[in-house]
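Single-structure report; data block below.
In this note's numbering, the protein residues as written are 29 to 177.
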């Protein structure tokens, strides 16, 4: 009586190579999904800067139209042209104190998709100083206006 011991070798090889293929396919899919997430975070990082700049522009606009009111610090929604909230910005306004005539505006922006990715824009907004103007009197003619740089 003769036994054929080589009947199941094809199934065994197919299972081994199938398992190796699935491991490689899983690794490839993991890399692709990680790259996609990182690219979306990079886009959110750039959009967060634009949101922070929009917040700083809003603060400058508010100060120009209401120079004595500095009580508008807080978090604001930023809406796209379709009316959907695409992100937020937080304003921190520091009013001038003492001899300092500057207003410090700190704006932090982030998107709705990635709220952990934040960018900060900080600026100091001051009124033009009297030093920019010159008044010459006496024997010389009077010159009034901006000094050339």
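Idealized CB from N, CA, C, for every residue including glycine.
Asked, Found
"Would you call the CB atoms of residue 80 and residue 145 closer than 8 Å?", "no"
"Is the CB-CB distance between residue 84 and residue 133 below 8 Å?", "yes"
"Just reading off the beta strand (DSSP E) that residue 107 is part of, what are its end residues?", "102-107"
"Tell me which residue opens and which closes the alpha helix (DSSP H) that residue 67 is part of.", "37-93"
"Give me the residue from 91, 111, 137 with the minimum Cα distance to residue 131.", "91"
"Tell me whether residue 70 is buried or exposed, calling it buried when 16 or more other Cβ atoms sit within 10 Å of its Cβ.", "exposed"
"Give the range of the beta strand (DSSP E) segment to which residue 154 is assigned.", "No beta strand (DSSP E) holds residue 154; DSSP gives it neither H nor E."
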